[in-house]
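Quick note, the sequence shown lines up with residues -18 to -1, 1 to 141 if you use mature numbering (1 follows the signal peptide of the UniProt record, and there is no 0).
What follows is a single structure, written as structure tokens, with notes after it.
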Amino acid sequence: MKKLILLMFLIASLKSTAQTKKSDDILLHVLRLNKIGKVYKFNTEDSTTTYLKYLGKLNTSKWKTYKVMTSIWIWGLSHRATNRILIYTDKNRYVGNYYLTLSTDLPNYIKNNQLIFNNVEPDCDSHLITIIDFKKGIPKDFFRKCKGDSGDIYSFSKD
């Protein structure tokens, strides 16, 4: 019985590792394609869907360059979404991410070395634009404006 449990654990671990490796390969493939603004859709055997959009590069005042990509991962029977801003080095090494509540909270593009967020949610002011500057490095937190003084604070994670 113990051997069976151990075998099942090993198989599950290998499957999880293989899935993570496959996901990492897809992310790196999109980074290498270097097509700014293009959305790529990937479906997996386990009925999940991932949308990846490469936004481009941001430079700091200390000569560091970061590549930025958005990710929408749709999973589960109820099609929940996990939305993230993914940050990589200029050598395509993963640095970390910002987890965002809604896919509409993701940034739209990079302009003048800044990450630009347009409001498309009906409850938000479409004239408000959130601009995040990376000159001093990756911001620990940022405030995503919605309406007036309201909005959401998102934090950087190195997970």
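Glycine residues also receive a C-beta, built at the ideal position from the N, C-alpha and C atoms.
All of these numbers come straight from a predicted model, not from anything done at the bench.
Reference residue 145; option with closest CA among D123, K118 and I111: Since the first residue shown for the chain is -18 and the last is 141, residue 145 is missing from the structure and cannot be characterised.
Meets three-Cβ-pair contact criterion under 8 Å: the stretch 44 to 57 and the stretch 22 to 36: A contact is defined here as three or more CB-CB pairs under 8 Å, and the stretch 44 to 57 meets this definition with respect to the stretch 22 to 36.
Rounded Cβ spacing between Y48 and Y70 (contact assumed at less than 8 Å): Within the sequence shown, residue 48 is the residue found at index 66, counting from 1. Within the sequence shown, residue 70 is the residue found at index 88, counting from 1. A Cβ-Cβ separation of about 7 Å places Y48 in contact with Y70 under the 8 Å criterion.
Contact check, N65 vs L40, beta carbons under 7 Å: Numbered from its first residue, the sequence shown carries residue 65 at position 83. Numbered from its first residue, the sequence shown carries residue 40 at position 58. No. Outside cutoff.
T32 - partner residues in DSSP beta bridges: In the sequence shown, residue 32 corresponds to position 50, counting from 1. Its beta-bridge partners are F24 and W55.
CA nearest to the CA of K127, picked from Y22, S108 and D6: For the purposes of this step, residue 127 is taken as residue 145 along the sequence shown, with counting starting at 1. Of Y22, S108 and D6, the residue nearest in Cα terms is S108.
Best match in L13, D28 and E27 for proximity to V21 [C-alpha to C-alpha]: Counting from one through the sequence shown, the residue named residue 21 turns up at place 39. Ranked by Cα distance from V21, the first of L13, D28 and E27 is L13.
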